[in-house]
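The opening position of the sequence shown corresponds to residue 25 in the numbering used here, with each subsequent residue numbered one higher. Note that CB positions come from ideal geometry on N, CA and C, so glycine has one too.
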Amino acid sequence: MIDEDGFRPNVGIILCNGDGKVFWGKRLGQNSYQFPQGGIDRGETALDAMYRELHEETGLKAAQVEVLGSTTGWLRYRLPNHMIRRQSKPICIG
Numbered sequence: 025m026i027d028e029d030g031f032r033p034n035v036g037i038i039l040c041n042g043d044g045k046v047f048w049g050k051r052l053g054q055n056s057y058q059f060p061q062g063g064i065d066r067g068e069t070a071l072d073a074m075y076r077e078l079h080e081e082t083g084l085k086a087a088q089v090e091v092l093g094s095t096t097g098w099l100r101y102r103l104p105n106h107m108i109r110r111q112s113k114p115i116c117i118g
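The structure is reproduced here in structure tokens:
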């Protein structure tokens with residue numbers, strides 16, 4: 025679901041434990057790390073997508089976590105040109 029401006033609805037999760045340590049997942053085949061994240065499927069709420077992505081990427085279930093906060097609106101950003109994948113369709117901008 026990419027909109028007319030090239031943006032795809034997405035959720036990102038900052039996961040921390042009781043000691044305030046955050047979880048960064050190592051990306052497969054890359055020397056980089058990121059927070060769990062992923063796209064929102066058609067008909068899915070942002071909260072449902074967050075729990076699905078959290079489980080897919082970490083194995084954690086909704087009953088094992090507590091949501092402490094969320095943004096009140098959508099955040100948009102543009103990737104630098106060198107980070108945009110042009111070999112695959114559709115092209116995601118951010």
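- For the pair of segments examined, the segment 90-99 was found not to touch the segment 53-61: the number of CB pairs separated by less than 8 Å stays below three.
- In this structure, the straight-line span from the alpha carbon of residue 49 to that of residue 110 is close to 25 Å.
- Close CB contacts of residue 34 within its chain, under the 7 Å cut and outside five residues either way in sequence, are with 61, 62, 63 and 64 (chain order).
- Judged by DSSP secondary structure, residue 76 falls within the alpha helix (DSSP H) whose first and last residues are 70-82.
- Secondary structure of residue 88 (DSSP, three-state): helix.
- Here DSSP, grouped into helix, strand and coil, assigns residue 34 to strand.
- The beta carbons of residue 39 and residue 82 sit closer together than 8 Å.
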